[in-house]
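Residue numbers (the UniProt record's numbering): 1 to 213. Cβ atoms here follow ideal geometry from the backbone N, Cα and C, with glycine treated the same way. Here is the structure we will look at, set down as structure tokens.
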């Protein structure tokens, strides 16, 4: 029986982030589906795993965690010798940590808003707010201008090797590649090359296969 358990939903971008990290490490895990439509995440027994009622929740033996980036950091540190390192570059870890904060505070909020408006609202039969899309698109363009400069200096955001910094971008990046926002990524050569590179990783392809099934 797998030691690791992921409680979540395949359509949850935060859940996808955790599974991508596990795949990079080549670890076995048990996936426990949480039915969001029926509100299973808002009642017990799920609330005993995540009192905030959001997916995913994670178990590693007796350890329980419930924030996706905390979970991926735990996986990276505790399974350091398995699979891809994912850790910050040894020679300058602070740079990697800096860009992890950029992803969390600059990229994530704007891309989550765009994903909601352009992907999930249509999925649920809701009307997209064009004004919100216009506002967030302009903000994302500025973020990606900064990314373009950074990626002209190194292959990945944290340095020369793929790490958690890049992995954390994958779910929202994937969602937006199926929308008109795709042009913001493709119009910037270094951002475009980076996007294509990380989206093609076998660990992420496995996540997409899970979604299809």
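- As for any alpha helix (DSSP H) of minimum length 4 sitting wholly inside the region 96–122, the runs are 108–115, ordered along the chain.
- Inter-residue distance for residue 77 and residue 184 is about 34 angstroms (C-alpha atoms, whole angstroms).
- Each residue's CA atom was taken as its position, placing residue 48 and residue 60 some 15 angstroms apart.
- For residue 33, the secondary structure class from DSSP, reduced to helix, strand or coil, is strand.
- For residue 58, the uninterrupted beta strand (DSSP E) segment begins and ends at 57–60.
- DSSP places residue 3 outside both helix and strand once states are collapsed to three, so it counts as coil.
- In the pairwise beta carbon analysis, the region 116–132 is classified as not touching the region 190–199: fewer than three pairs are separated by under 8 angstroms.
- Taken atom to atom, the span from the alpha-carbon of residue 169 to that of residue 103 is near 7 angstroms.
- Rounded to the nearest angstrom, the gap between the Cα atoms of residue 112 and residue 180 is 15 angstroms.
- Excluding residues up to 5 positions away in sequence, 191 lie with their Cβ nearer than 6 angstroms to the Cβ of residue 147 in the same chain.
- Cβ atoms of residue 159 and residue 96 come within 8 angstroms of each other, at about 7 angstroms.
- When 203, 28 and 108 are compared, the shortest CA-CA separation from residue 162 is found for 203.
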